[in-house]
Structures are given as structure tokens and as C-alpha cells.
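A short worksheet on the structure shown next.
Residue numbers (the numbering used here): 45 to 298.
Here's what the structure looks like:
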């Protein structure tokens, strides 16, 4: 390779940002952290951080996920073990003006997991919380300081969040990804509420039950029942081996 001068090229940094989605109280929620340092000090943002020199992108995303949530990541198509979470690369964001500090390229990751506990802040985050996606994308004031007007998410994180939500909404149409929001064993009713929360629509229980139990490889009976939803015992299922659904679960037109 012919010699070259590294100083002839402008330096830039690489970060990872995490769109961590879960379903809490029948609503699709995202993890946000209040920034403790400049830029955008005091503003809500997606969790993430700079990629270390020795890390590849996936390792950096997994590290940030563990630091912010205590979750272990697993790649798409591999089973979750223990407190694992689905992790997949979402998109790359490289607008030269996206970070006022310097040229920063961010690789965003989508993280899906069942009902998660209260988060803990880490790194330069002052605090962390779950917020409904609807509120975050609507820029409602409840997630801003009381002594300042409502503010959008820091950096370009509103766009990253919107892209992550749309990825989740579209993928549960044709893949078994919705089961990533469920515990290892779940009822059809619990799975239906995941679809309703992610899509933001109400679904007919009987039609939904017929579709998901009739789709080859989607659900497998676990052999047990539960009364945790109240009423009569409901049959428990686990995710089947299918990664693609045929026929797909199409979103209702709203």
C-alpha cells in the first residue's frame, strides 16, 4: 500500500445510539436519558456513547446496552438467554451538523425486550426513564424541565427514534419479532397486546387468535396454562422456529 498522511484527512468520531423499546402498561415505550453534560445538557436523549478504539460496532452497542439496562444482547435469529434482548443494527446517521462538538457519525441499533424494570442512568446521563413513544415523538412537555419550554430530544434522536419505531412496526408484520417483547412463555392475548401497543390499534381477539395459531412455525404450545390475566386459564405458548411469517400479519389501515 502506498504511503499516505493521516493528518491530511479531517478527524471524526463514531458513536452508537440505542433505540430501546419495550411494552409497559400496554404502551410502546422507549428508554431515554437526561444528559448531564454539554452539549444539550439537561435534555432527554437516546442512550449511547462513543465507540472505543478497540471495539467493533456491535460490541459497543452491547456494552452501552448493558451499562444502561443490565441487559445482554443477542443477535437476530438467535435465542434469548436469561435477561437477553434482541439487538439489530438500524441505520447510520452522518449529517455534518448533527453534533456541535465535532463531526460525529452515529450507528443506531434497535433493541427489543419484554417488560423492563426501571432503568438506571450511566455514563454522562443525569437520570433515565421510560417514556411512551407517542409522547416522545409528539414532543410533549412532560419530559422537559418544569422551568423551560418543551424541547425535542437532543441531537437528531427524534428522527432515530422514529426510524426505530417504524422498523419495529414493519418487521412484526412479516417476522416473529413481536415475540421479542414477550416473556419466554406467553398467551395469545399477551402477544395481541404487543401488536396493539406497537401498531397503536385495537385488534379483534378472535381473528388475531386464528391468524397467529394458524401461521406455521409462529407459536408452539408450551403445555401449560396461566390465570395471570384473570378469568379462565389461558393456554401458554412460546416462539416457534419460524423467522418469517407466511402469510404475514398485515397492519390494519387506520
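Built from N, CA and C at the ideal position, the CB exists for glycine as well.
Along the alpha helix (DSSP H) that carries residue 182, what are the first and last residues, could you check? Secondary structure note for residue 182: its alpha helix (DSSP H) is the uninterrupted segment 177 to 182.
Cβ distance (whole Å) where residue 209 is taken to contact residue 177 below 8 angstroms: About 5 angstroms separates the CB atoms of residue 209 and residue 177; that is less than 8 angstroms, so the two are in contact.
Tell me whether residue 293 is buried or exposed, calling it buried when 16 or more other Cβ atoms sit within 10 Å of its Cβ. Buried, by the Cβ-count rule.
Cβ-based burial, residue 92 [other Cβ within 10 Å; buried from 16]: Counting every other CB atom within 10 Å of its CB across the protein chains shown gives residue 92 a total of 16 or more, marking it as buried.
Nearest by alpha-carbon distance to residue 218: which of 109, 295, 56 is it? The residue with the shortest Cα to Cα distance from residue 218 is 295.
Would you kindly check if the distance between the Cβ of residue 71 and the Cβ of residue 63 is under 8 angstroms? One thing to note: residue 63 has its Cβ no nearer than 8 angstroms to the Cβ of residue 71.
CA-CA distance, residue 108 and residue 223? If I take the Cα positions, the gap works out to 23 angstroms.
Among 104, 137, 234, whose alpha-carbon lies nearest the alpha-carbon of residue 301? For residue 301 there is no data in the structure shown, the boundaries of the chain being 45 and 298.
Using 8 angstroms for Cβ pairs, my map puts residue 207 next to residue 135. What's the rounded Cβ distance? Their Cβ separation, rounded to whole angstroms, is 6 angstroms, which keeps residue 207 and residue 135 in contact under 8 angstroms.
Using the C-alpha atoms, what's the distance from residue 50 back to residue 232? In this structure, the straight-line span from the alpha carbon of residue 232 to that of residue 50 is close to 57 angstroms.
Which ranges does the alpha helix (DSSP H) cover as unbroken runs of at least 4 residues, wholly within the region 61 to 130, from first to last along the chain? 101 to 113, all fully within the region 61 to 130.
When you compare the CB positions of residue 263 and residue 252, do they come within less than 8 angstroms of one another, or not? Taking 8 angstroms as the Cβ cut-off, residue 263 and residue 252 do not qualify as a contacting pair.
List the residues that DSSP assigns as beta-bridge partners of residue 136. In the DSSP assignment, residue 136 forms a beta bridge with 151.
On the DSSP bridge assignment, give the partners of residue 171 in chain order. Residue 171 is bridged to 78.
What does a CB cutoff of less than 8 angstroms around residue 149 pick up in its chain, not counting 5 residues either side in sequence? Closer than 8 angstroms at the Cβ level, and outside the excluded window around residue 149, lie 56, 57, 58, 59, 136, 137, 138.
Of the choices 52, 289, 69, 77, whose alpha-carbon is the least far from that of residue 225? It is 69 whose Cα lies nearest to the Cα of residue 225.
Endpoints, the beta strand (DSSP E) within which residue 300 is located: Since the first and last residues shown for the chain are 45 and 298, residue 300 lies out of range.
Assumed close pair residue 258, residue 284 - CB separation to whole angstroms, cut-off 8 angstroms: 12 angstroms between Cβ atoms; not a contact.
Consult DSSP for residue 223 and reduce its assignment to one of helix, strand or coil. Under the three-state reduction of DSSP output, residue 223 falls in the helix class.
Determine the DSSP secondary structure at residue 230, reduced to helix, strand or coil. Residue 230 falls in the strand class under three-state DSSP.
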